[in-house]
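All remarks here apply to the structure that follows.
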Amino acid sequence: MNIVLGITGGIAAYKAPDLVRRLRERGADVQIVMTASAAEFVTETALQAVSGRPIRSNLWDKEAEAAMSHIELARWADVVLIAPATAEVMARIVSGGAPDLLTTICLATEAPIALAPAMNHVMWSNPATQSNREVLEQRGIHILGPAVGSQACGETGAGRMLDPDTIAATVCGLSVGKGEGALVGKTVVITAGPTREAIDPVRYITNRSSGKMGYAVARAAAAQGAGVILVSGPVNLPEPPGIDVHHVTTAAEMYEEAHRHIDKADIFIATAAVADYRPANVPEQKIKKNSENTSIDLVPCPDILASVSTLEDPPFTVGFAAETENVEQYARSKLEKKKLDMIVANQVGHNRGFDRDDNQLSVLWKNGKKEFAEATKIELARDLVELVAERFYAARGADTQPKLTIISTSD
Ligand code: PMT
Numbered sequence: 007m008n009i010v011l012g013i014t015g016g017i018a019a020y021k022a023p024d025l026v027r028r029l030r031e032r033g034a035d036v037q038i039v040m041t042a043s044a045a046e047f048v049t050e051t052a053l054q055a056v057s058g059r060p061i062r063s064n065l066w067d068k069e070a071e072a073a074m075s076h077i078e079l080a081r082w083a084d085v086v087l088i089a090p091a092t093a094e095v096m097a098r099i100v101s102g103g104a105p106d107l108l109t110t111i112c113l114a115t116e117a118p119i120a121l122a123p124a125m126n127h128v129m130w131s132n133p134a135t136q137s138n139r140e141v142l143e144q145r146g147i148h149i150l151g152p153a154v155g156s157q158a159c160g161e162t163g164a165g166r167m168l169d170p171d172t173i174a175a176t177v178c179g180l181s182v183g184k185g186e187g188a189l190v191g192k193t194v195v196i197t198a199g200p201t202r203e204a205i206d207p208v209r210y211i212t213n214r215s216s217g218k219m220g221y222a223v224a225r226a227a228a229a230q231g232a233g234v235i236l237v238s239g240p241v242n243l244p245e246p247p248g249i250d251v252h253h254v255t256t257a258a259e260m261y262e263e264a265h266r267h268i269d270k271a272d273i274f275i276a277t278a279a280v281a282d283y284r285p286a287n288v289p290e291q292k293i294k295k296n297s298e299n300t301s302i303d304l305v306p307c308p309d310i311l312a313s314v315s316t317l318e319d320p321p322f323t324v325g326f327a328a329e330t331e332n333v334e335q336y337a338r339s340k341l342e343k344k345k346l347d348m349i350v351a352n353q354v355g356h357n358r359g360f361d362r363d364d365n366q367l368s369v370l371w372k373n374g375k376k377e378f379a380e381a382t383k384i385e386l387a388r389d390l391v392e393l394v395a396e397r398f399y400a401a402r403g404a405d406t407q408p409k410l411t412i413i414s415t416s417d
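According to the working numbering, the stretch in the sequence shown is residues 7 to 417, in order.
Take a look at the structure:
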């Protein structure tokens, strides 16, 4: 994996050599591009020693440009990571300005971009920075952190750069596969996000799913070389590059769309939080308030997962179980009842599971179980997809298995 690591001028730049080591331990080739102000905090000599490559810093360096121009560098990258990312570089990227080599690469690359912000907590919470963060996220740029804690300035709050190991593990799960990986030649169909069931023309029933888990699983499967078809409910996330995304609204539409692709699927992963019930009748006009109490008649929605696992020749089928109590017990009963190959259980509830960047998973299958400790959904998705691939080949026979490429390894 080729990573362009941009280092900008914040005190957290002193952690950059450690970050480079963590990325290289995971098999990445790291090309450092540092800004002039980053050089105030960390030396080129240290960075060159740990990265094993000459440092790039000047857009107008004729010799370096002749060896690999900024456009070639932008194309070489599987991921562009900026750590630490200052408020200034965030604002520059939002505005589309390209006054130096790093921001020029950000404009010229088609690779995923990830920023690990680091700054004083008041600068981070400033409305200008927060509005820039929102714009960057809407454009599909990954914002990693920041962490909360004591800061170099002696104050405490949100603004510390995430620790290098977490950044490295997350970034190594981001790139879309390049014809390598455990799932080359396989097709994975994934459902993600919530569904919406109309009550009347202006109201609907839905749930708190953001789609983050499902989109991370889709990226991780693509990073392992799979062709990925993502059937997504209404979410506020950018479409991941290289993935075939189909947008739906209701459970019935998700059922139809998933079944339209299912005969191509080697693996089906149902991360979506699909409505179990929908209103029986949807009036054409808005329901008027005319009594104290009212009720809505509900009828069951089609169960997409159960319908796939009971096909005559089903794909390897993985369900998710969102539970607020007795997580493992309920998940195991869904595994058996829905005739699944695997189920991924997560505890949900107040500040857990739904609409968060992190999660904690227990994966269950007949006679087996694996726990994944709390981590970002990007990291969990990467580990989960590696496990799904392993179980898939164990179930279908090793002869169907391509050469396994470990996209990343953890310590
Ligand atoms: O989207 P995020 O904010 O990142 O949150 C992630 C998540 C919590 C939504 C996700 O990790 C998760 O747990 N998804 C499953 C949620 C759920 O609806 O669980 P369930 O126990 O109700 O359903 C069990 C399984 O059946 C799920 O795989 C679900 O996709 C599937 N199902 C359920 C009902 C239905 N009508 N059709 C289905 O396919």
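Backbone N, C-alpha and C fix where the C-beta goes; we use that ideal spot for every residue, glycine too.
I'd like to know whether the C-beta atoms of residue i and residue j end up nearer to each other than 8 Å.
i, j, result
"P321", "A258", "no"
"D364", "A381", "yes"
"M348", "R402", "no"
"M260", "V288", "no"
"S63", "A91", "no"
"T193", "K270", "yes"
"I61", "E78", "no"
"G325", "K343", "no"
"L189", "A400", "no"
"T110", "L53", "no"
"E203", "P285", "yes"
"M219", "T172", "no"
"K345", "S315", "yes"
"V85", "S57", "no"
"A97", "N126", "no"
"A164", "W130", "yes"
"A328", "G359", "yes"
On the DSSP letters alone, give me the boundaries of the beta strand (DSSP E) that residue i sits inside.
i, result
"I293", "First-last for I293: undefined, no H or E at that position."
"Q157", "Neither: Q157 is in no beta strand (DSSP E) and is coded neither H nor E."
"K376", "G374 to T382"
"R145", "Looking at the DSSP string, R145 is not in any beta strand (DSSP E), and its letter there is neither H nor E."
"Q353", "M348 to Q353"
"A97", "First-last for A97: A93 to S101, but that is the alpha helix (DSSP H), not the beta strand (DSSP E)."
"L317", "Careful: L317 lies outside any beta strand (DSSP E) and carries neither H nor E."
"I273", "I273 to A276"
"L121", "I119 to P123"
"S368", "D364 to W371"
"A328", "F322 to E329"
"R284", "Y283 to P285"
"V305", "L304 to P306"
Just mark residue i as buried or exposed, buried being the case when its beta carbon has 16 or more other beta carbons within 10 Å.
i, result
"K292", "exposed"
"W371", "buried"
"M74", "exposed"
"C112", "buried"
"S414", "Any reading at S414 is ruled out, since the residue's pLDDT is 38, under 50, leaving its predicted position unreliable."
"R28", "buried"
"P123", "buried"
"S416", "Summary for S416: the model assigns pLDDT 34, below 50, so the residue's position carries little reliability; its value from the coordinates is reported in the next sentence. Exposed, since its Cβ has fewer than 16 Cβ neighbours within 10 Å."
"E140", "exposed"
"T115", "buried"
"V26", "buried"
"K383", "buried"
"K68", "exposed"
"I13", "buried"
"P170", "buried"
"K409", "Because the pLDDT at K409 is just 41, under 50, the model does not fix this residue reliably, and the value given afterwards should be weighed accordingly. Looking at its Cβ environment, which holds fewer than 16 other Cβ atoms inside 10 Å, K409 is exposed."
"G15", "buried"
"E46", "exposed"
"K21", "buried"
Return the Cβ separation of residue i and residue j in integer angstroms, given the expectation that the two are a contact with Cβ distance under 8 Å.
i, j, result
"L11", "L107", "L11 to L107, Cβ: 13 Å. No contact."
"R225", "A387", "7 Å"
"A222", "G187", "Not really, about 16 Å apart at Cβ, beyond 8 Å."
"I99", "L142", "7 Å"
"P244", "T255", "No, P244 and T255 are not in contact; Cβ-Cβ is about 18 Å, not under 8 Å."
"P200", "E290", "24 Å between Cβ atoms; not a contact."
State the start and end residues of the unbroken alpha helix (DSSP H) segment that holds residue i.
i, result
"T172", "P170 to V177"
"L107", "L107 to A114"
"R338", "V333 to K343"
Using 7 Å as the cut-off, classify the Cβ of residue i as near or not near the heavy atoms of ligand 2, replying yes or no.
i, result
"A328", "What this structure holds is ligand 1, not ligand 2."
Output the residue ranges of the beta strand (DSSP E) runs that lie fully inside the stretch 21-67 and measure 3 residues or longer, sorted by chain position. Segments of the beta strand (DSSP E) lying fully in the stretch 21-67: 35-40.
Residue ranges of each alpha helix (DSSP H) within the stretch 184-256, 4 or longer: You should have 218-229.
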